[in-house]
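Single-structure report; data block below.
Numbering (our numbering), first residue to last: 564 to 992.
What follows is the structure in structure tokens.
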């Protein structure tokens with residue numbers, strides 16, 4: 564069995580829209596490493612897009628899933644519920660930022676969690692409008708595509724989209740968009756496009772994922788909270804990529820001291836098992852009528868068992884603090900690279916273990932170097948790396964290592980990345 568033969572089979576069997584970044588087929592994976600069907604080893608700096616925060620095949624999570632499968636794999640939580648789902652809901656509501664009483668629901672994907680947040684916000688407020696931000700990513704379903712603030716590849720060819728969705732600039736000082744600019748644009752929306760009393764919710768990522776790993780300044784989230792309180796608007800925190808210890812806090816909203824009304828949880832929640840959640844203030848969560856929320860696979864007992872194990876691993880292995888240490892090590896190493904190539908690397912930025920390198924031409928923030936990013940991704944596998952790109956212009960390399968990764972593997976991977984970067988820069992200079 565070879566990677567190329569499997570890629571040929573996939574090309575025949577899969578629609579081209581569900582492509583793959585690397586023609587590398589995984590045979591097995593452990594913690595921060597994976598091996599392909601040809602036996603080649605890779606250091607995984609993507610962790611399935613921030614899903615395996617606790618590493619691949621953590622023994623405690625594997626054992627929890629196995630024990631649950633031995634009992635039963637599905638009954639539907641809306642038909643015959645089970646204790647693991649109740650326990651998980653209790654723990655997630657306790658972990659969510661803020662002191663308000665909270666409730667939860669379980670669905671299956673991040674996009675479902677976002678859609679259900681919008682449903683709940685509309686049911687609670689009786690309003691129609693939702694405001695999102697440029698560069699934000701909220702999913703690939705029809706509603707979440709409308710919320711996503713980037714056309715290609717997520718929205719191209721797929722319209723029409725739902726109405727009553729509006730976008731405002733996300734603050735990025737490095738690109739001359741200040742907090743003041745963003746708030747001014749929001750107030751302009753209220754004058755031009757929709758009255759604030761018609762807005763059900765504002766949804767925001769505390770750290771933009773696909774948008775390029777830009778963290779929302781605390782004062783911006785605080786201003787959104789004040790604005791929402793002023794107008795009776797629900798503030799939705801999209802923590803799908805930034806949650807479960809990824810940023811050096813359990814949830815990134817904690818950096819601002821702001822309590823959202825509703826929040827989405829997915830990706831790192833269950834070590835790779837498909838489950839997502841909406842957690843919010845109790846009186847808001849109870850707005851929909853019985854039967855108005857849910858899904859057949861939502862709250863899978865196997866995924867719930869895995870998620871409970873993830874929470875134990877995060878606590879027992881002190882992974883929130885480990886995220887801070889990982890971010891510091893990456894920032895230190897990558898900043899050395901930036902000093903060598905100041906005209907190429909605009910910025911090294913991180914919040915915990917959400918780490919990014921942004922590439923430009925001539926040191927100019929307005930000249931994104933997308934070609935360099937693409938060349939690095941295209942050659943990563945040859946250097947034994949799994950890397951991901953992001954950014955409004957596709958000019959950012961993002962690092963999402965497992966929070967269980969060792970310093971030794973980090974340094975080996977960054978040595979490989981430095982070699983890769985130097986070779987690509989030399990070829991393109």
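By construction, the Cβ of each residue, glycine as well, lies at the ideal position given by its N, Cα and C atoms.
The alpha helix (DSSP H) runs lying completely inside the stretch 774-842 and spanning 4 residues or more are 781-794, given in chain order.
Annotation: the continuous beta strand (DSSP E) that includes residue 953 extends over 951-953. Within the same chain, Cβ atoms closer than 6 Å to the Cβ of residue 727 are found at 691 and 692, the five residues on either side in sequence being excluded. Membership of residue 914 in the beta strand (DSSP E) is indicated by the continuous run 908-914. A contact is defined here as three or more CB-CB pairs under 8 Å, and the stretch 736-746 fails this definition with respect to the stretch 886-895. 800 is the residue among 759, 982, 800 and 823 whose C-alpha sits nearest the C-alpha of residue 700.
Ranked by how close their Cα comes to the Cα of residue 674, the residues 858, 941 and 957 have 858 in first place. Membership of residue 581 in any beta strand (DSSP E) is not indicated, and neither H nor E is assigned to it by DSSP.
Here residue 634 is exposed: its Cβ has fewer than 16 other Cβ atoms, across all protein chains shown, within 10 Å. Shown here, residue 957 sits in coil according to DSSP, grouped into three states, outside any helix or strand. Just so you know, the alpha carbons of residue 665 and residue 714 end up roughly 35 Å apart.
About 5 Å separates the CB atoms of residue 648 and residue 862; that is less than 8 Å, so the two are in contact. Residue environment analysis places residue 720 among the exposed positions, since fewer than 16 neighbouring C-beta atoms fall within 10 angstroms of its C-beta. Taking 7 Å as the cut-off, the Cβ atoms of residue 865 and residue 628 count as close.
Membership of residue 692 in the beta strand (DSSP E) is indicated by the continuous run 692-696. Shown here, residue 705 sits in a helix according to DSSP, grouped into three states.
Residue 931 has 923 as its beta-bridge partners, per DSSP. Residue 607 is bridged by DSSP to 949. Annotation for residue 569: 588 place their beta carbon closer than 6 Å to its own, counting only its chain and skipping 5 residues before and after.
Judged by DSSP in its simplified three-state form, residue 594 adopts strand. In the DSSP annotation of this structure, the continuous segment of the beta strand (DSSP E) that includes residue 762 starts and ends at 762-767. Check the Cα spacing between residue 969 and each of 579, 608 and 573: the tightest is with 608. For residue 891, no beta strand (DSSP E) segment is defined; the enclosing uninterrupted segment is the alpha helix (DSSP H) at 882-903. In this structure the stretch 967-983 touches the stretch 943-956; the number of beta carbon pairs closer than 8 Å is three or more.
Pairwise C-beta distances place the stretch 825-840 in contact with the stretch 610-626, as three or more of them are shorter than 8 Å. Apart from the 5 residues on each side of it in sequence, residue 613 sits with its Cβ closer than 7 Å to the Cβ of 804, 809, 830, 831 and 963 in its chain, given in chain order.
Distance between residue 653 and residue 661, taken at the CA atoms: about 15 Å. Within a 10 Å sphere around the beta-carbon of residue 657 sit fewer than 16 other beta-carbons, which makes this residue exposed.
Rounded to the nearest angstrom, the gap between the Cα atoms of residue 766 and residue 711 is 10 Å. Annotated as distal: residue 845 and residue 670, with beta-carbon spacing of 7 Å or more.
Setting aside the 5 residues that flank it on each side, residue 896 is surrounded in the same chain by 977, each with a C-beta closer than 6 Å to its C-beta; the list follows chain order.
In terms of CA proximity to residue 667, 856 leads the group 698, 921, 599 and 856. Pairing residue 575 with residue 785, the inter-Cα distance amounts to about 50 Å. Counting along the chain, residue 670 sits inside the beta strand (DSSP E) bounded by residues 665-670.
Cβ contact annotation for residue 869 (same chain, cutoff 7 Å, sequence separation greater than five): 624, 627, 628, 833, 834 and 836, in chain order. Here the alpha carbons of residue 940 and residue 988 stand approximately 13 Å from one another.
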